[in-house]
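These notes are about the structure you will find just below.
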Amino acid sequence: MNASGGAATATQGGGGMGGGPGGGETVGDDSVDVSGGSLTINSEGDGLDSNGNAAISGGTVVVNGPESNGNGALDVNGELAVSGGTVAAAGSAGMAVAPGTSSTQSGVQVTFASIVPAGSTVQLAGADGKLVATFVTTKPTGSLVLSSPGIEAGQQYTVYTGGTATVESGLGEGSLEGATELGTVTAGEYTQGHGPGGR
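Numbering-wise, our numbering comes out as the position in the sequence shown, counting from 1, plus 404.
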């Protein structure tokens, strides 16, 4: 999915991280805005891609993105603002983009130390051990961005692989029985390379 064309303005290089401008590319007038429904993207190149800004305020957005580090599951030249809904964007780690500073809903970015195989269950649990997200990859995955109302900014979450899962379009319910702990992430800290094992 791509929003492109229209007028554009120059930006300073932001490296594409933290929802900032992607690698100094220009920011166009176009935008991708999701306010409800269910959107599943399966991409070889960039997944949810806006040459301008993007906003998610409701619904469910699942991106099974690229394996190549030259593209990203999320690619926004301007800012990705998340204020509601559920977002799960899995893909390569090289060009990963996460929600920007104007987002009012928090989330986490997991950068894996090694590629997680297709068909793997990735789960996120709070300090109380309660699961807040269960996702099953459909492709080899190096980076996973999750945002949902149940993820609180500043709180620490533990990332697991394995366990059991019942999912639809990648997201669903799970159990940590038999799961392996990978490490922890802090909600709202979207710096690539700071996920479990990726420091």
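Glycine included, each C-beta is placed from N, C-alpha and C at the ideal position.
Between residue 537 and the set 489, 451, 484, the nearest pair of CA atoms involves 489. In chain order, 444, 466 place their CB closer than 6 Å to the CB of residue 573, counting only its own chain and leaving out the 5 sequence neighbours on each side. Rounded to whole angstroms, the gap between the alpha carbons of residue 559 and residue 593 is 10 Å. Pairing residue 504 with residue 481, the inter-Cα distance amounts to about 11 Å. By the criterion of a C-beta distance shorter than 6 Å, residue 464 is surrounded in its chain by 442, 490, once the five residues flanking it on both sides are discounted.
CA-to-CA, the gap between residue 512 and residue 557 works out to about 9 Å. Excluding five sequence positions before and after residue 541, the CB atoms of its chain that fall closer than 7 Å to its own CB belong to 494, 520, 522, 523, 524, 526, given in chain order. Cα atoms of residue 452 and residue 580: separation of roughly 30 Å, rounded to the nearest angstrom. Ranking 555, 534, 501, 590 by CA distance to the CA of residue 546 puts 501 first. Of the candidates 454, 548, 460, the residue whose Cα lies closest to the Cα of residue 469 is 548. The three-state secondary structure of residue 481, taken from DSSP, is coil. Per DSSP, the unbroken beta strand (DSSP E) holding residue 547 starts and ends at 545–551. When DSSP states are grouped into helix, strand and coil, residue 580 belongs to the coil group.
In the three-state reduction of the DSSP assignment, residue 594 falls in the coil class. A direct Cα-to-Cα measurement between residue 576 and residue 570 gives close to 6 Å.
Around residue 459, the same chain offers 437, 485 as residues with beta carbons nearer than 6 Å, after the five sequence neighbours per side are excluded. Per DSSP, the unbroken beta strand (DSSP E) holding residue 572 starts and ends at 568–572.
For residue 453, the uninterrupted beta strand (DSSP E) segment begins and ends at 452–454.
Using a 10 angstroms sphere on the CB of residue 408, the tally of other CB atoms stays under 16, which defines it as exposed.
Within 10 angstroms of the beta-carbon of residue 479 lie 16 or more other beta-carbons, which makes it buried.
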